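**Q** Each residue of the sequence shown is one higher than the one before, starting from 4 at the first, in my numbering.
Have a look at this one.
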Amino acid sequence: MSIVYSKKDRIWKLDTPHSSYLMAAVDEEGFLGHVYYGNKVDDLGIDYLTRAYAHPFVPSENARERCSFMDLFPAEYPGFGLGDYRTPAFCVRTASGSRGCGLFYRSHKIYAGKPGIPGMPATFAGEDEADTLEILCEDPENRLEVTLYYTAFRNMDVITRSVSFRNKGNEMITLEKVMSLSVDLEDPGYETIGLFGSWARERHICRNPLGMGSYRIGSFRGESSHQEHPFLALCTKGADSDHGQVYGFHFLYSGNFVAEAHRSQFESVRVTMGISPEGFSWGLMPGETFSLPEAAMVYSSEGIGGMSRTFHRLYRKHLIRSPYRDTPRPVLINNWEATYFDFNTEKLIDIAREAAASGIEMLVMDDGWFGARSYDDKALGDWIANEEKLPGGLPVLSERIHELGLKFGIWMEPEMISPDSDLYRAHPDWAIAIPGRTPAMSRCQYVLDITRREVLEYVYGCVRNVLSSTRIEYLKWDMNRQLTDVFSLGLTAEHQGEFYHRYVLAVYELQERLVTDFPDLLLENCSGGGARFDPGMLYYSPQIWCSDDTDAIERLSIQEGTAMVYPLSCMGAHVSDCPNHAVGRNTPFQTRGHVALAGTFGYELDITRIPQEDRRRIPDQIALYHSFGDLIRRGDYYRVANYSENGLYDCWAVIAEDKSEALVTYVQVLGQPNYKARLLILKGLDPDGIYEISATSEEDHFEPVMVRSGGRKEPEALRLSGRTLMNAGILADRMWGDFRSKLYHLKRVEL
Ligand code: GLA
């Protein structure tokens, strides 16, 4: 059992392999306080840490200074308005209009395993993998019961958290702010790490020193967003990929969120993370329970890389449920950048024929196949094939694609409605709008109010009809605009504040039904590129489209930021045509392939029109994907060099868990004159293992790396120990030109 309770000291201690998390109940009233989070500590005498809050400071002995106590005490789940002036974890309003709230410990239970959260994504773990602590607290005056859930994983440094609220009174209580996580840490001078971006520039890493006051990120866009990501890390000054202490906090949720680090007068930092309170309220009726989404905390004393690898393992093994999680995904070709809306059956068949001849395994038909959809300003909601483009509809197309030996995939944007659509003409009131106000369009479309049961059922019916109409092996579920003008005709005035969260719950319900009814479907979530790339969606789809920017060089920063928390197996990445559609850059086909290999791998181009020499390379690239797909999906990810920092080159490695094999990707972004070779100092290898090294040639073929002697190349492959590779490094020769790349394959050999 990784969780113990000391009855004598009223201390809970949660242990993971390398970290400990401690809480205590203090004083007669049972204030629940945070005690410690960091490197693993021993049980012996640990109660000394709680003495800072004990005699003579506690309210039972010093009632005249209750406020001082409240404002210093590191409350585990702080309320509002009763003397703790730091960021609250929760705020409520009672029927009388009062807002003061605070919790006291009542009871707890500890058990093996991990519960789910009703209607929401959550990590899962068996009884031999994790232990859970439930602490029941009460706000007696408000007749509110609050349960804090903690799950400590036995084999990784992860503690997940969630909270539920129960109204035990006779009148409605309005929840105004409810965080899934709150933790007070002593502050040695932390820095924050976050992931920021924009459309086509998602999840770029951003690091700042943490000053006094609050550092706050969030989204009120109705989705986790391109702009700010529901991830916040605190790290010690100077922490890098391999060194320093890092606390990573990630919210498993796909809607509005806030994450805040509040540095207080006494040099402690309170980190909170949860549903954004802006625009949120929840009317909790007597007897009702409200469950919050999950937040995951990862502690690493091995720098940012250690944190990343733990998140990767957590999501690979305890979040992604799809049967595709551990199996090779079909190499797909998507027609979006090839044709946009301008295609028909014959064009798709031409692409599919060429694709099949090159070894591609699935054709995905993107936007533009339904209703009168000739451009982005019409037909969303009319999910019936356009027979002018696709005579005979989906069954005929699907059959022809399958006859060519390919699987068939399709794009849908089920949550949306175009004002110019049959659906809108029939049900204008189904679009989200505030009565009396013209709703704002975005990409010329509105969002359907799926919080209403009849709308949700219609939407699900459309998806089900499409998928049942013929053989479809893959669905790309898109969401191309963010929410505005939020109001539901299905909610009374006092419940309107529930809209944003109810919207996310409706998305989860739709996707849960989808994966239940179509268990073999490969689902890829997407949102105008990567605006709903979050752990919530990963619970439903094993992969998410990373960004509409498919340029290999732009992707270096996007994929580096994304891989800070997400395993490579879930990052949608395709080889596209040049000049690139987002930035107009020309890069070698080989580099595009190598960068896309650090993700799900596929193509997004008109294979019938790209240069012959690029087309010739596709079978070799696919062979690479098949040789290294398992390693990339399952291996541990190490950052060797960051283009985002050095401006010249990028390098990452994926290393098998048993260290028997590694794939190192090196991208020389800019060529430089007058240097010979660069040393890539590797990490994560078996120091005593002997590795044989081969590298890709110009043609994507692997060749042994030659030992140089006196300017002559000897024909034997280079063998080096892991220790040498991790200290002296690989010698990467200069390549001629910009945007060049090379793969190095290291295989441990028996001597
Ligand atoms: C979004 C997606 C693209 C493509 C278009 C279609 O932008 O990210 O990949 O599917 O929608 O409209």
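Note that the Cβ used here is the ideal one computed from N, Cα and C, for glycine as well.
Since the structure is predicted, the reported quantities are computational estimates derived from the model, not experimental observations.
Measuring alpha carbon to alpha carbon, tell me which residue in 680, 228 and 670 is nearest residue 743.
**A** That would be 670, whose Cα lies nearest to the Cα of residue 743.
**Q** Measure how close the beta-carbons of residue 150 and residue 167 come, nearest whole angstrom, since I'm counting them as under 8 Å.
**A** Indeed they touch by this definition, with Cβ atoms about 5 Å apart.
**Q** Say the cut is 6 Å; is the CB of residue 395 nearer than that to a heavy atom of the ligand GLA?
**A** False, no ligand heavy atom lies under 6 Å from that Cβ.
**Q** Starting from residue 361, follow the alpha helix (DSSP H) in both directions and report where the run begins and ends.
**A** 348-361 is the extent of the alpha helix (DSSP H) around residue 361.
**Q** Taking 7 Å as the cut-off, decide whether the C-beta atoms of residue 1 and residue 185 are in contact.
**A** The chain is shown only over 4 to 754; residue 1 falls outside these bounds and no answer can be derived.
**Q** In the structure shown, what three-state DSSP assignment does residue 517 receive?
**A** Helix at residue 517.
**Q** Residue ranges of each alpha helix (DSSP H) run of no fewer than 4 residues wholly in the segment 369-436, ordered along the chain?
**A** Runs of the alpha helix (DSSP H) inside the segment 369-436: 396-406 and 425-429.
**Q** Grab the span of the beta strand (DSSP E) containing residue 626 for me, first residue to last.
**A** It is not in any beta strand (DSSP E) - residue 626 instead sits in the alpha helix (DSSP H) that spans 615-637.
**Q** In whole angstroms, what separates the C-alpha of residue 643 from that of residue 497?
**A** If you take the alpha carbons of residue 643 and residue 497, they lie about 53 Å apart.
**Q** Would you check whether the ligand GLA has a heavy atom nearer than 6 Å to the C-beta of residue 339?
**A** Residue 339 Cβ: within cutoff of the ligand GLA.
**Q** Indicate whether the contact test is met: 3 or more Cβ pairs, each with one atom in the segment 328-340 and one in the segment 300-318, closer than 8 Å.
**A** The segment 328-340, when compared against the segment 300-318, does not touch it at the 8 Å Cβ threshold.
**Q** If you draw a straight line from the C-alpha of residue 314 to the C-alpha of residue 472, how long is it?
**A** If I take the Cα positions, the gap works out to 38 Å.
**Q** Tell me whether residue 197 counts as near the ligand GLA, meaning its Cβ is closer than 6 Å to at least one heavy atom of that ligand.
**A** The answer is no for residue 197.
**Q** Counting only beta-carbon separations shorter than 7 Å, does residue 638 have a partner in chain C?
**A** The structure shown contains no chain C, having only a single protein chain.
**Q** Drop a sphere of 10 angstroms on the beta-carbon of residue 676, count the other beta-carbons inside from all chains shown, and report buried for 16 or more, exposed for fewer.
**A** Burial call: exposed.
**Q** What whole-angstrom Cβ distance do residue 588 and residue 556 have, given they're in contact under 8 Å?
**A** That pair is a contact at about 6 Å.
**Q** Identify every residue that forms a DSSP beta bridge with residue 448.
**A** According to DSSP, residue 448 bridges with 445.
**Q** For residue 494 and residue 194, I'd like the C-alpha separation in whole angstroms.
**A** Distance between the alpha carbons of residue 494 and residue 194 is about 42 Å.
**Q** Just mark residue 173 as buried or exposed, buried being the case when its beta carbon has 16 or more other beta carbons within 10 Å.
**A** That one is exposed.
**Q** Tell me the rounded alpha-carbon separation between residue 105 and residue 530.
**A** C-alpha separation (whole angstroms): 39 Å.
**Q** Please return the same chain residues whose Cβ sits closer than 6 Å to the Cβ of residue 33, not counting the five positions on each side in sequence.
**A** Closer than 6 Å at Cβ, skipping near neighbours: 107 and 108.
**Q** Could you tell me which uninterrupted alpha helix (DSSP H) segments, each at least 4 residues in length, are contained entirely in the segment 124-160, listed from first to last along the chain?
**A** Listed in chain order, there is nothing to give.
**Q** Compute the Euclidean distance between the alpha carbons of residue 229 and residue 355, then round it to the nearest angstrom.
**A** Taking the straight line joining both Cα atoms gives about 32 Å.
**Q** Assuming residue 318 is part of the beta strand (DSSP E), what are its boundary residues?
**A** No beta strand (DSSP E) holds residue 318; the alpha helix (DSSP H) holding it covers 306-321.
**Q** Taking 8 Å as the cut-off, does the segment 523-542 touch the segment 122-133 (at least 3 CB pairs, one atom from each stretch)?
**A** These segments touch.
**Q** Which ranges does the beta strand (DSSP E) cover as unbroken runs of at least 3 residues, wholly within the segment 466-519, from first to last along the chain?
**A** Qualifying beta strand (DSSP E) stretches, in chain order: 477-480.
**Q** Does the Cβ of residue 370 lie closer than 6 Å to at least one heavy atom of the ligand MG?
**A** The ligand MG is absent from the structure shown, which contains only the ligand GLA.
**Q** Given residue 592, which residues of its chain have a CB within under 6 Å of its CB, disregarding the five upstream and five downstream residues?
**A** Cβ neighbours of residue 592 beyond the five flanking positions: 617 and 620.
**Q** Opposite residue 654 in the DSSP bridges: which residues?
**A** Answer by DSSP bridge pairing, in chain order: 644 and 669.
**Q** Assuming the contact rule is C-beta atoms closer than 8 Å, residue 411 and residue 474 should be a hit. Round their C-beta distance to whole Å, please.
**A** Sure, about 6 Å apart at Cβ, within 8 Å.
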